[in-house]
Amino acid sequence: MTARPAWVGGLVGVVGLLALWWLLAVTVLSNGGVVPTPWEVVRALWDDHRLMWTSARATIGIALKGWLIGNGLAIGLAVVFFGVPVVERVLLQIGVASYCLPVIAIGPILTTVFDGSTPQIALAGISVFFTTMVGTLLGLRAADPASLDVVRASGGGPLRQTRHVRLRAALPSTFAGLQIAAPAAVLGAIIGEYLGADRGLGVAMVHSQQALEVPRTWALAVVASAVAGLGYALTALAARLLTPWAPRGNPGGAG
Numbered sequence: 001m002t003a004r005p006a007w008v009g010g011l012v013g014v015v016g017l018l019a020l021w022w023l024l025a026v027t028v029l030s031n032g033g034v035v036p037t038p039w040e041v042v043r044a045l046w047d048d049h050r051l052m053w054t055s056a057r058a059t060i061g062i063a064l065k066g067w068l069i070g071n072g073l074a075i076g077l078a079v080v081f082f083g084v085p086v087v088e089r090v091l092l093q094i095g096v097a098s099y100c101l102p103v104i105a106i107g108p109i110l111t112t113v114f115d116g117s118t119p120q121i122a123l124a125g126i127s128v129f130f131t132t133m134v135g136t137l138l139g140l141r142a143a144d145p146a147s148l149d150v151v152r153a154s155g156g157g158p159l160r161q162t163r164h165v166r167l168r169a170a171l172p173s174t175f176a177g178l179q180i181a182a183p184a185a186v187l188g189a190i191i192g193e194y195l196g197a198d199r200g201l202g203v204a205m206v207h208s209q210q211a212l213e214v215p216r217t218w219a220l221a222v223v224a225s226a227v228a229g230l231g232y233a234l235t236a237l238a239a240r241l242l243t244p245w246a247p248r249g250n251p252g253g254a255g
């Protein structure tokens, strides 16, 4: 018996979800017009495609900047301070604090202190910092002891061990953190747009809600989900290409 391709199960799940959505929209949730049918959402996507594109482009720009800055700081600090127990503990505490901070609570403070798109970029960066930093630290610790012994026996110190062994060992788990960070950056950017911006998916959602444009609001949510999913998929593809030796089939394997 031939095994079915993995994508078949995913396709069946999507079709089933759309069918359930349509059924609920025309029966149980039909009163009030708060849940449009999938067709109404598709029509809103087509009718407002210019708005969808310009809003998505603005949000992608903000999320990408936050993703790059937040992940760059996370990876850089993890590599630099790895092996310094006191500093590493402080770094982990900072990471935990950034993860526990309610983004929606610090957003208004950032919008008061900074101008332009800085608050949105900062929120996107904060949203990605912890997972990538932890992934990198775990990867650095997962280096093969035998490989470290070989480098040490040839006269290599901690810096050489990190460069030749630990960084390679850290790549799979770092990419796992980067994958999780991609949707998180989009979410952080959209929350920042909700709290104060002149364009983006978050701004368009607020305007659509205020105008009671229900199908358009749902369409914008679909676009936001697609952007987050695309970021995750692209990061997974990069992980597959750059870490072909890593196990697959779970986030820890980067795809």
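Positions 1 to 255 (UniProt numbering) are the ones given, in order, by the sequence shown.
Note that beta-carbon positions come from the ideal geometry of N, C-alpha and C, so glycine has one too.
Separation of residue j from residue i, as counted between CA atoms
i	j	result
Q179	T59	18 Å
S55	Y232	19 Å
W46	P158	57 Å
L17	G10	11 Å
P108	I191	10 Å
A143	T235	23 Å
D115	A246	42 Å
V80	M133	12 Å
G177	W21	32 Å
W218	V41	6 Å
T111	G196	7 Å
V227	D198	19 Å
D149	R141	14 Å
G83	L24	55 Å
L68	V113	22 Å
Exposure label - residue i; buried when at least 16 CB within 10 Å
i	result
V203	buried
T131	buried
A105	exposed
R216	buried
V128	buried
V14	exposed
W39	exposed
A211	exposed
S208	buried
V103	buried
Short Cβ contact (8 Å threshold) for residue i with residue j
i	j	result
V165	S154	no
N71	A181	yes
I75	T174	yes
I121	K65	yes
V220	L201	For clarity, residue 220 is Leu in the given sequence; the question names Val instead. The answer is yes: Cβ separation under 8 Å.
Those runs of the alpha helix (DSSP H) which lie wholly inside the region 73-107 and span at least 4 residues: 85-100
Taking only runs of the beta strand (DSSP E) that begin and end inside the region 50-76, which ones reach a length of at least 3 residues, in chain order? none
Unbroken stretches of the alpha helix (DSSP H), 4 residues or longer, contained in the region 173-211: 201-210
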